[in-house]
């Protein structure tokens, strides 16, 4: 009776993983991921995906990243403070603002996009484009001490300023 049931294979081509960091959410720390990452909130840390994974990240107009991005496919409509390494494809909407150097293989840029840094074309196979970051980035002590979720907006603003100063 149950032998007729056929399981679908769960290869990486069949399964497209997605992660959402919603507006109003904040992440402090590095994110290593596969599949697709949508950022509508704020990330204070590096975004990393392997070149071979075909991963993509999309930073919406409300999205903010303070840290380095090293992902094959990058789509930016929000604000980035840090270097961007897109070894596959990079898209910058007219609302994108990047403060840092941009390394790309293929680039699309709409009128109005802002880059405060250098643009450098690199080939897909180049190690400079998507530099390998260490997979084990655990530390003995935390970078930030976690605060409760219901902190006043004034403290969050101070945290953003500290993170921006640390990234500069």
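Numbering (the working numbering), first residue to last: 51 to 218. Even for Gly, the Cβ is constructed at its ideal location relative to N, Cα and C. On a predicted model such as this, the values are computed, not experimentally measured, just so you know.
Can you tell me which of the options puts its alpha carbon nearest to the alpha carbon of residue i?
i, options, result
"residue 144", "153, 160, 137", "160"
"residue 86", "150, 79, 97", "97"
"residue 133", "95, 75, 104", "95"
"residue 167", "106, 156, 149, 72", "149"
"residue 124", "165, 84, 93, 137", "137"
"residue 121", "127, 131, 102, 73", "102"
"residue 147", "155, 154, 127", "127"
"residue 26", "99, 156, 139, 215", "There is simply no residue 26 to check, as the chain begins at 51 and stops at 218 in what is shown."
"residue 173", "154, 109, 73", "154"
"residue 73", "83, 82, 111", "111"
"residue 88", "78, 109, 162", "109"
"residue 135", "162, 106, 163", "106"
When the distance is taken between beta carbons, is residue j closer than 7 Å to residue i?
i, j, result
"residue 104", "residue 90", "no"
"residue 130", "residue 152", "no"
"residue 118", "residue 92", "no"
"residue 139", "residue 156", "yes"
Could you please give me the residues that DSSP links to residue i through a beta bridge?
i, result
"residue 94", "78, 116"
"residue 124", "107, 140"
"residue 135", "120, 153"
First and last residue of the beta strand (DSSP E) that includes residue i?
i, result
"residue 149", "147–149"
"residue 69", "68–71"
"residue 173", "Here residue 173 belongs to no beta strand (DSSP E), and DSSP marks it neither H nor E."
"residue 86", "86–89"
"residue 153", "152–159"
On the criterion of 16 or more Cβ atoms from any shown chain inside 10 Å, does residue i qualify as buried, or is it exposed?
i, result
"residue 170", "exposed"
"residue 142", "buried"
"residue 190", "Summary for residue 190: the model assigns pLDDT 46, below 50, so the residue's position carries little reliability, and this model does not support an answer."
"residue 186", "Because the pLDDT at residue 186 is just 44, under 50, the model does not fix this residue reliably, and the value given afterwards should be weighed accordingly. Looking at its Cβ environment, which holds fewer than 16 other Cβ atoms inside 10 Å, residue 186 is exposed."
Under 7 Å between C-beta atoms, does residue i make it to chain B?
i, result
"residue 128", "The chain inventory of the structure shown lacks chain B, comprising one protein chain alone."
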